[in-house]
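Reviewing the structure listed below.
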Amino acid sequence: MTTRREFLVLACGAASVAAATKVRAQIDPNQQALRKAAMQEALRRVVGDAPVRRGRVKLELPPLIDNGNSVPLSVAVESPMTPSDHVKAIHVFTEKNPLPDVVSAYLGPRAGRARMSIRVRLADTQTVLAIAQLSDGSFWSDSAEVVVTLSACLEEGLI
Amino acid sequence: MARAIVNVPARAKRGEIIEIKTLAAHPMETGFRRTQLGELIPRDIIRRFVCTYNGAEVFRVDLHPAVAANPLIAFTTVATESGTIAFQWAGDNGYAVTETASIRVE
Chain A
1 MTTRREFLVL
11 ACGAASVAAA
21 TKVRAQIDPN
31 QQALRKAAMQ
41 EALRRVVGDA
51 PVRRGRVKLE
61 LPPLIDNGNS
71 VPLSVAVESP
81 MTPSDHVKAI
91 HVFTEKNPLP
101 DVVSAYLGPR
111 AGRARMSIRV
121 RLADTQTVLA
131 IAQLSDGSFW
141 SDSAEVVVTL
151 SACLEEGLI
Chain B
1001 MARAIVNVPA
1011 RAKRGEIIEI
1021 KTLAAHPMET
1031 GFRRTQLGEL
1041 IPRDIIRRFV
1051 CTYNGAEVFR
1061 VDLHPAVAAN
1071 PLIAFTTVAT
1081 ESGTIAFQWA
1091 GDNGYAVTET
1101 ASIRVE
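If you're matching them up, the sequences are chains A and B in order.
Heads up: the first sequence begins at 1 in the working numbering, then just goes up one per residue.
Heads up: the second sequence begins at 1001 in the working numbering, then just goes up one per residue.
In structure tokens form, the structure reads like this:
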């Protein structure tokens, strides 16, 4: 015999399953997968098949962001910046923005120091990735986890 | 009215690494936002920023919609010789702004 308590538990469970299915039907179920694929694609366009090693790059972002519409971001790379050994490019990518590319900076030995800063938009709590391309063809990276309380591009219907 | 501000030291020692800060007034419309009627606001962003030192390119940036409005870009360069440092921004809808600064290297 089904007690009143059991019946309520079952009913709540069924209702929540139904609600969850409905929500999932409204937003594109593949959106996250698509974003991930877009990020992989953007990375491949920059890096190709070369391995990306961690280190040498320092990505600075505030860990907690009140307003995702304007976030100070700076990237510094350990490099002597001589004609034979310098940073050629710095690329920044995000995981959950509508587009993975954020900014690509191209510099050379005349920069003196491999460092640049800019203000960006972040759509969600996510991981930001910076990749530096060196003159010897190697790639180095750093990533930062950020928590965004007010997101940029709210209209995108983010999950 | 397209406007831009650049901050370059007026004088520097030869070989010194100087920091340059630039700010361009631009809404950087992402192309993902909608009006209250649901119409998509078309994308209108700065696509490229180039800095040249006496005609030679020293720094270049490709910008995407994820760059905040009124992009502030800061970078460094080596003060090699006296002359002019020119800055160019180019973007959608024919947006083009040029700014120059002179520097004295001693």
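All C-beta atoms, glycine included, are put in the ideal place defined by N, C-alpha and C.
Residues that residue i contacts on chain A, provided the C-beta gap is smaller than 9 Å
i       : result
B/A1025 : None at all; the shortest Cβ gap to chain A is about 14 Å.
Residue i: contacting residues in chain B (beta-carbon distance under 7 Å)
i      : result
A/I118 : V1067, P1071, L1072 and I1073
A/N97  : A1066
Partners in chain B for residue i, counting only beta-carbon separations shorter than 8 Å
i      : result
A/V103 : V1061, D1062, L1063, H1064, A1066 and V1067
A/T94  : A1066
A/P80  : Under the 8 Å cutoff, chain B gives no residues; its nearest Cβ is about 12 Å from A/P80.
A/R115 : F1075 and T1076
As assigned by DSSP and simplified to three states, the class of residue i
i       : result
A/M39   : helix
A/R5    : helix
B/L1023 : strand
A/L64   : strand
B/V1061 : strand
A/L107  : coil
A/L34   : helix
A/V147  : strand
B/R1003 : strand
B/R1043 : coil
Cutoff 8 Å: residue i Cβ touching any chain B Cβ
i     : result
A/R4  : no
A/P62 : no
A/S70 : yes
Residue i classed as buried or exposed, judged by whether at least 16 other C-beta atoms fall within 10 angstroms
i       : result
A/S84   : exposed
B/K1013 : exposed
A/T127  : exposed
A/Q133  : buried
A/V147  : exposed
A/S141  : buried
B/F1005 : Rather than Phe, the amino acid found at residue 1005 of chain B in this sequence is Ile. Exposed, because fewer than 16 other Cβ atoms sit within 10 Å of the Cβ of B/I1005.
A/S104  : buried
A/T149  : exposed
B/L1063 : buried
A/S151  : buried
B/K1021 : exposed
A/S79   : buried
B/N1054 : exposed
A/R53   : exposed
B/G1091 : buried
Neighbouring residues, chain A, relative to residue i (Cβ below 8 Å)
i       : result
B/T1077 : R110, A111 and G112
B/V1058 : L107, G108, R110 and A111
B/Y1053 : R110
Partner residues on chain B for residue i, Cβ-Cβ distance less than 9 Å
i      : result
A/R121 : M1028, T1030, P1065, A1066, V1067, A1068 and A1069
Residues of its chain near residue i, where Cβ-Cβ distance is below 6 Å and the 5 sequence neighbours each way are ignored
i       : result
B/R1033 : I1041
A/E60   : S74
Contact with chain A by residue i, beta-carbon distance below 8 Å
i       : result
B/V1008 : no
B/I1017 : yes
Cβ shell of residue i (< 7 Å), same chain only, five flanking positions each side left out
i       : result
A/V102  : V92, F93, T94 and V120
A/A25   : With a pLDDT of 41 at A/A25, under the threshold of 50, the modelled position of this residue cannot be trusted; read the value that follows with caution. Counting only Cβ-Cβ distances below 7 Å, and skipping sequence neighbours, we find nothing.
A/S117  : P72, L73 and S74
B/G1068 : Per the sequence presented here, residue 1068 of chain B reads as Ala, with Gly not at that position. Counting only Cβ-Cβ distances below 7 Å, and skipping sequence neighbours, we find M1028.
A/N67   : L150
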